[in-house]
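Enquirer:
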Ligand SMILES: NC(=O)c1ccc[n+]([C@@H]2O[C@H](COP(=O)([O-])OP(=O)(O)OC[C@H]3O[C@@H](n4cnc5c(N)ncnc54)[C@H](O)[C@@H]3O)[C@@H](O)[C@H]2O)c1
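Residue numbers (my numbering): 4 to 435.
1) Do you know whose CA, among 182, 18, 365 and 265, lies nearest residue 47's CA?
2) Could you tell me whether the region 136-151 touches the region 202-212, where touching means 3 or more Cβ pairs closer than 8 Å?
3) Taking the alpha carbon of residue 303 as the point to measure from, which residue in 166, 250, 237 and 394 has its own alpha carbon closest?
4) May I ask you to report which of helix, strand or coil DSSP gives residue 237?
5) If you measure from the CB of residue 49, is any heavy atom of ligand 1 nearer than 7 Å?
6) Grouping DSSP H, G and I as helix and E and B as strand, with all else coil, what is residue 413?
7) By how many angstroms is the C-alpha of residue 202 removed from the C-alpha of residue 136?
8) Using the DSSP secondary-structure output, state which residues sit across from residue 212 in a beta bridge.
9) Taking residue 91 as the reference, give the member of 288, 79 and 114 with the closest Cα.
10) With a threshold of 16 other CB atoms inside 10 Å of the CB of residue 190, please say whether the residue is buried or exposed.
11) Using a Cβ-Cβ cut-off of 8 Å (strictly less than) and excluding sequence neighbours within five positions of residue 234, which residues of its own chain qualify?
12) Could you give the distance in angstroms between the alpha-carbon of residue 1 and the alpha-carbon of residue 352?
13) What residues in its chain sit with their C-beta under 7 Å from that of residue 283, if we drop five residues either side in the sequence?
14) Does DSSP put residue 265 in a helix, a strand or coil?
15) Identify which residue in 358, 332 and 347 has its Cα closest to the Cα of residue 341.
16) Exposed or buried, residue 55, counting other C-beta atoms within 10 Å across all chains shown (16 or more means buried)?
17) Tell me, to the nearest whole angstrom, how far the beta carbon of residue 171 is from that of residue 254; I am working on the premise that it is less than 8 Å.
18) Where does residue 129 fall in DSSP's three states?
19) In terms of residues, what are the limits of the beta strand (DSSP E) holding residue 38?
20) What separation, rounded to the nearest whole angstrom, lies between the Cα atoms of residue 216 and residue 391?
21) Which residue's Cα is closest to the Cα of residue 279: 295, 185, 301 and 179?
22) What first and last residue would you give for the alpha helix (DSSP H) that runs through residue 371?
23) For ligand 1, I want to know if residue 137 counts as a neighbour, meaning its beta carbon is within less than 7 Å of at least one of the ligand's heavy atoms.
24) Evaluate residue 120 with the Cβ neighbour count: other Cβ atoms within 10 Å of its Cβ, from every protein chain shown; 16 or more gives buried, anything less gives exposed.
25) Could you check which residue in 328, 176 and 130 has the C-alpha nearest to that of residue 86?
26) Excluding the five sequence neighbours on either side, which residues of its own chain have a C-beta within less than 7 Å of the C-beta of residue 103, listed in chain order?
27) Does the beta-carbon of residue 160 have 16 or more other beta-carbons within 10 angstroms, so that it is buried, or is it exposed?
28) Buried or exposed, going by whether 16 or more other CB atoms sit within 10 Å of the CB of residue 111?
29) What does DSSP give as the partner residues of residue 119 in its beta bridges?
30) What would DSSP say about residue 165, mapped onto helix, strand or coil?
31) Work out the CA separation of residue 32 and residue 59 for me, nearest whole Å.
32) Which of the three DSSP states is assigned to residue 312 in this structure?
33) Taking just the CA atoms, how far does residue 162 sit from residue 307?
34) Within the continuous beta strand (DSSP E) that includes residue 331, where are the two ends?
35) When the distance is taken between beta carbons, is residue 331 closer than 8 Å to residue 319?
36) For residue 31, which three-state DSSP category applies?
See below:
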């Protein structure tokens, strides 16, 4: 367990949306307990922000993660929030330099990488690696876990879990955007849903997975649905622009995409911003290859079964689930955050609406950083460690293998056993 005196110093490796969200929580809640002392990011706009927001001098700003890693250790903690494919080299380089880490998910993008990350977690047991599985830290999932832990409804028998991606969000991130291609990021089951696998393990009291099998495909966002006679590669040139659900001008002027703001105030501005941008491409004429829908069947080592549905084709972006227990059922849905329980012994149904106002994963971003700091400063237990994250990643990556083999079941427990067999598995899963 680690206890820090004075200010905790941070380096941000990749100053994009995620790192900025975490650092703004520190600014809000721990203004006197932290200091940002270095940033690595090639984008001049981000570098300018590092100067303005954190008062950094030129010698504290680096063009790449590699450049920062060449320096002697600059801070207590490094936040790895580069894009997915750069995470592994960040973990390798920064652990070797002695940093504690806040590591964005996914922690690895292939099973081979995952083995390397597991090895690193064993090689540096005294350094903290906090994985940004922020859902574990939300009021919503925390409340469901507490209901289950109370045992009021008896043991869990099965779970239905849905990741409703939202048609507009899928088009933005997984067709036109950075997570659209397995080779440049990772498969959808991983990039979108290592979170979901992790939350299933969490709800079941950090149970372990035995088997997983999965089906799914890239059924819609492909060239089969592109008609060169009636469509165009860029939405601004397309005759169907006005009527298409996925039209870029329509999606980006809807206000539904929060992470990217184009100026769409006039036809000229739309053409200027979306006429050449990758975000202006026809969704049926992109370089995407990740599945747009996927279902998985999962068996856990306590006999619980779960089904998981991941789909682009939903009206809004939210998660919903049903947990079926011996004496009752819990239905839960995000946005608004509602938890409905029905007790079979009385047939009484109770609905609770949670008071969640924070944006950023239903308050998860803020709670994650708060839990990290409480652990770092005061030694409080921390509940999303690298070791815990590995199993959810194995589940997601093996689900993808299964999908590619038409649902061939994968033995996750065997894979995990092999993974750890060369080293001592840490026993205390909640302490750093
Ligand atoms: N925990 C979550 O819920 C969650 C949610 C969304 C995204 N993510 C993950 O967080 C990570 C970051 O996502 P984001 O949305 O902030 O992305 P982003 O694109 O906004 O940020 C990435 C930053 O890395 C910078 N960069 C590129 N190459 C670099 C290099 N060699 N060295 C240093 N910086 C470099 C980019 O300029 C950019 O500023 C991704 O891996 C993503 O999958 C996690």
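Cβ atoms here follow ideal geometry from the backbone N, Cα and C, with glycine treated the same way.
Expert: Looking at the coordinates:
1) Closest in C-alpha terms to residue 47, from the list 182, 18, 365 and 265, comes 18.
2) Contact between the region 136-151 and the region 202-212 is present, because at least three Cβ pairs lie under 8 Å.
3) Minimum Cα distance to residue 303 is reached at 394.
4) Strand, per DSSP.
5) A distance criterion of 7 Å places the beta-carbon of residue 49 in contact range of ligand 1, judged by its closest non-hydrogen atom.
6) Judged by DSSP in its simplified three-state form, residue 413 adopts strand.
7) Whole-angstrom Cα-Cα distance: 8 Å.
8) Beta-bridge pairing by DSSP links residue 212 to 303.
9) Closest by alpha carbon: 114.
10) Answer is buried; the Cβ neighbour count reaches 16.
11) Scanning its chain for C-beta atoms nearer than 8 Å, with the 5 sequence neighbours on each side dropped, one finds around residue 234 the residues 241, 242, 243, 285, 287 and 288, in chain order.
12) Because the chain in this structure spans residues 4 to 435, residue 1 falls outside the shown range and cannot be described.
13) Counting only Cβ-Cβ distances below 7 Å, and skipping sequence neighbours, we find 237, 238, 239, 251 and 277.
14) In this structure, residue 265 counts as coil in the three-state DSSP scheme.
15) It is 358 whose Cα lies nearest to the Cα of residue 341.
16) Residue 55 is classed as exposed because its beta carbon has fewer than 16 other beta carbons within 10 Å across all chains shown.
17) With a Cβ gap of about 5 Å, residue 171 and residue 254 count as contacting.
18) Shown here, residue 129 sits in coil according to DSSP, grouped into three states, outside any helix or strand.
19) Segment 37-43, the beta strand (DSSP E) holding residue 38.
20) When rounded, the distance between both Cα atoms is 21 Å.
21) The shortest Cα separation from residue 279 among 295, 185, 301 and 179 belongs to 179.
22) Start and end: 367-381.
23) Checking every heavy atom of ligand 1 against the Cβ of residue 137, one is found closer than 7 Å.
24) Buried is the call here.
25) Between residue 86 and the set 328, 176 and 130, the nearest pair of CA atoms involves 176.
26) 79, 80, 130 and 131, listed in sequence order.
27) Around the Cβ of residue 160, a 10 Å sphere holds fewer than 16 other Cβ atoms; the residue is exposed.
28) Buried, since its Cβ has 16 or more Cβ neighbours within 10 Å.
29) Residue 119 pairs with nothing; no bridge assigned.
30) Note: residue 165 maps to strand in three-state DSSP.
31) C-alpha separation (whole angstroms): 21 Å.
32) It is a strand residue.
33) Straight across, the Cα-Cα distance linking residue 307 with residue 162 is about 8 Å.
34) That run of the beta strand (DSSP E) goes 331-336.
35) No, these two residues do not count as a Cβ contact at 8 Å.
36) The answer is helix: DSSP assigns residue 31 an H, G or I state.
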